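Numbering (the numbering used here), first residue to last: 13 to 232.
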């Protein structure tokens, strides 16, 4: 948890919002990709602090809509591309976050960008927005592939959705559907510690590769 007194208690109704993630190919766990396509770190969802949208401005419009509609959960989903072949290509809900506290972070994101823009950092999504909110949770859990909730095409059709799950699809789950997903996870053990270790491991691998590349360029 983050040691700041500015967070405000948040109370939402029992609905869930799907957040699409890119997960790493180099690990059994569907841990977050360490870098984006510009080579910049991806800190969210932040397993280490139980936050989403605090350290970086990702999905700002989705977070704002979540706040305005008073929804209570984020459900994190990914098209699995990891090392466990049996799950590759399946769309899995890998974890969830109950939204317990909220913080207005637009100024924080813009100031951070102003400090980093010389290094090529892109402007935050909330730059052209009037407000931007981050969430913090005391109930944020992630799971091994075999314990994840598969959002199959058959289930999507049963629940009244059309087609495959895509990044462009904005999915909101009613209280009834949300409870089905949360009940699934109740019987499984979260792997939060393993996710934190995996994220650190991937960061270290990338740092080592960068150092090696630099040394090669400089003729060491």
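Just so it is clear, CB atoms sit at the ideal spot from N, CA and C, and this is done for glycine as well. All of these numbers come straight from a predicted model, not from anything done at the bench.
Query                                                                                                : Result
Straight-line Cα distance separating residue 126 from residue 35                                     : 28 angstroms
Between the CA atoms of residue 154 and residue 59 - distance to the nearest angstrom                : 9 angstroms
Beta-carbon gap between residue 83 and residue 27 smaller than 8 angstroms                           : yes
Exposed unless 16 or more other CB atoms sit within 10 angstroms - verdict on residue 149            : buried
Whole-angstrom distance between residue 181 and residue 159, CA atom to CA atom                      : 24 angstroms
Beta-carbon separation (whole angstroms), residue 87 vs residue 114, contact threshold 8 angstroms   : That belief does not hold up - the Cβ atoms of residue 87 and residue 114 are roughly 18 angstroms apart, past 8 angstroms.
Simplified DSSP state of residue 152, which is helix, strand or coil                                 : strand
Cα-Cα separation between residue 210 and residue 57, rounded to whole angstroms                      : 14 angstroms
Same chain only: Cβ atoms within 7 angstroms of residue 122, ignoring 5 sequence neighbours per side : 136 and 139
Start-to-end residues for the alpha helix (DSSP H) that takes in residue 119                         : 118–128
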